[in-house]
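Asker: Have a look at this one.
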Amino acid sequence: MKDDGQRPRRSNAERRATTRAAVLDATITAIVRYGYRGATSERIAELSGLTRGAQKHHWATKNEMVAEALLHLHDRLMVVTVAELEGASGVRPTLEALWRSFRSDLFTAATELHLAARIDDELRGVLTEVEREIGRRIRRITTRALDDGVHPPERLDEIGDHVVNVMRGMAFQTSLGARADREQRQLEVLEQAVHGLLRAH
């Protein structure tokens with residue numbers, strides 16, 4: 002068979018996936034740069050290099066697109082985090098791997114959406130479901146990373162929830178002004194707390 006040097010044509014499914022990914026990436030970038038209200042369809046189109054029609058073709062509403070964008074970014078982050086946790090051993094490496102995910106654009110975008118959802122019932126409904134799913138994902142990987150074969154899954158879930166809630170507070174504080182020394186001290190305190198919780202039962 003003659004090779005004419007041309008790339009094989011992509012299937013409709015591949016083109017669709019590429020388009021959706023480009024729009025979702027641009028949606029997160031727009032929210033981080035301009036906030037939820039400022040993440041207009043025009044700005045998302047400019048950032049993605051695609052027309053506004055691509056957004057309307059794939060999503061019925063902006064809120065649906067925003068919700069999927071958060072999960073899309075979280076999917077990518079979890080691939081990296083899970084890979085890091087597989088090579089980690091102990092509480093501190095686990096906390097550091099999780100903390101890196103909290104210092105990403107995901108937290109910045111989620112914070113913007115939480116603020117907007119306070120006065121937007123539709124967005125709040127969509128965001129609640131997304132947060133539950135992200136919470137389940139983080140809880141699963143945290144429980145697996147901390148599992149020592151001694152504590153029941155329910156107890157590890159509780160410790161995982163505590164870790165996530167503390168890191169949310171840390172991430173919000175960092176968004177107002179990052180300081181590496183403060184972050185390290187806070188991680189040390191959290192590590193001590195987790196060890197204490199594991200010893201308590």
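No gaps in the numbering here: position 175 of the sequence shown is 176 in the working numbering, and each next residue is one more. Even glycine gets a Cβ: it sits at the ideal position worked out from N, Cα and C. Since the structure is predicted, the reported quantities are computational estimates derived from the model, not experimental observations.
1) Assign H196 to one of three DSSP states: helix, strand, or coil.
2) Are the Cβ atoms of L71 and A118 separated by less than 8 Å?
3) I'd like the span of the alpha helix (DSSP H) that includes P94, first residue to last.
4) Thinking just about the alpha-carbon of each residue, which of L107, Q193, G91 is nearest to the one in A68?
5) In angstroms, rounded to a whole number, what distance separates the CA positions of E189 and L96?
6) Do the stretch 96-105 and the stretch 48-60 meet, that is, are 3 or more Cβ pairs less than 8 Å apart?
7) Using DSSP with H/G/I as helix, E/B as strand and the rest coil, what is T175?
8) Among residues of its own chain, excluding the 5 on either side of S49, which ones have a beta-carbon nearer than 6 Å to its beta-carbon?
9) Assess contact between the stretch 134-145 and the stretch 73-82, defined as three or more Cβ pairs (one per stretch) separated by less than 8 Å. Is contact present?
10) Tell me the rounded alpha-carbon separation between M66 and E134.
11) Please list, in chain order, all residues of the same chain as P154 whose beta carbon is under 7 Å from its beta carbon, the five residues on each side excluded.
12) Pairing CB atoms from the stretch 171-179 with CB atoms from the stretch 146-163, are three or more of them under 8 Å?
13) Do L198 and I160 have their beta-carbon atoms positioned less than 8 Å apart in this structure?
14) Can you name the start and end residues of the alpha helix (DSSP H) that T109 belongs to?
15) Helix or strand or just coil, what does DSSP make of V151?
16) Kindly indicate which three-state DSSP category T62 falls into: helix, strand or coil?
17) Quick check on H75: buried or exposed, where buried means 16 or more other Cβ atoms within 10 Å of its Cβ?
18) Roughly how many angstroms lie between the CA atoms of R125 and T20, to the nearest whole one?
19) Taking buried to mean at least 16 other C-beta atoms within 10 Å of its own C-beta, is L116 buried or exposed?
Answerer: If we stick to the structure as given:
1) helix
2) no
3) 92-103
4) L107
5) 10 Å
6) no
7) helix
8) A23, V24, A27
9) yes
10) 16 Å
11) T144
12) Taking 8 Å as the limit for Cβ pairs, the verdict is that the stretch 146-163 does not touch the stretch 171-179.
13) yes
14) 106-118
15) coil
16) coil
17) buried
18) Rounded to whole angstroms, the gap between the alpha carbons of R125 and T20 is 26 Å.
19) The residue in question, L116, is exposed, as its Cβ has fewer than 16 Cβ neighbours within 10 Å.
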